[in-house]
Amino acid sequence: DYTNQKHGNVFSYFFSQNAIKRVYSNTLSIPVDPLPSSNKAPAFIGTLTNLIAKIEPAHSRVGQGMLLTLTLSGQGDLESINMVALQNIPEGLAWYESQKTTQVDKAQPGHAIHRMEYIVQGLQPGDYTIPPQEIFYFDDIQRVYKTIKTTTLP
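Letter 92 of the sequence shown, counting from 1, is numbered 72 in the working numbering, and no numbers are missing.
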C-alpha cells in the first residue's frame, strides 16, 4: 500500500485528499529442502576450505593473557557463525570469548575469512597442549555433513 499525493500549489499540501493505492507482485515459489538428519546441529551451512588455530604469545606467565585465533575460510555466510566453544581445553587454562570478524578474501573471489578470537590464561604453571579444535558443518555443494579441524597447538 502506498499514498499517492498530488500537489498543485502550496495550499494543496494542507487540503488535498491523498489516495491510497495497492500494488501487487507476482507470486514466487521457492523450494527449500530440509537438511539431512544429524545427531548434532551444524555450526554453518556452506563450504569451508580451511581452519587454522594460532596462539600468541606461545609462552606466558601465570595469569597473563594469550590470544588464541581460529581462522576459517570458505564460501557462504561466514559472518553468521557464532563464536564456537573451545573444546577439551586442559585444566589449568581458562579461556574467554573476545571478538569475531569477517572480511572478503581478496585472493579468492566469492570466499571470505572469518576470525574468532579468544583470551587464554594459564592459571597454574606447566606445559599445556591445546588439542585440535573442530567445527561441524553442512557442505551445501557436496550436500553432506563434514567436520573441519585445526592442528594441535603446543
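C-beta: ideal position from N, C-alpha, C; glycine also.
The continuous beta strand (DSSP E) containing GLN79 extends over residues 73 to 84. Nearest to PRO22 by alpha-carbon distance, out of ASP120, THR132, GLN104, is ASP120.
Contact annotation, VAL42 with GLN104: C-beta distance approximately 7 Å; criterion of less than 8 Å satisfied. Under the DSSP assignment, SER17 falls outside any beta strand (DSSP E); it carries neither an H nor an E label.
Each residue's CA atom was taken as its position, placing GLN55 and LYS20 some 22 Å apart.
LEU52 and TYR4 have their alpha carbons spaced roughly 43 Å apart.
ILE93 and THR131 have their alpha carbons spaced roughly 18 Å apart. Unbroken beta strand (DSSP E) runs of no fewer than 3 residues, entirely contained in the segment 22 to 76, are found at 25 to 36, 45 to 55, following chain order. In this structure, MET96 lies near MET63, with their beta-carbon atoms less than 8 Å apart. In the DSSP assignment, no residue is bridged to GLN113. Cβ-Cβ distances below 8 Å link LEU58 to PHE24, GLY26, LEU52, THR82, ALA92, ILE93, HIS94 in the same chain, with the five nearest sequence neighbours on each side left out; the list follows chain order.
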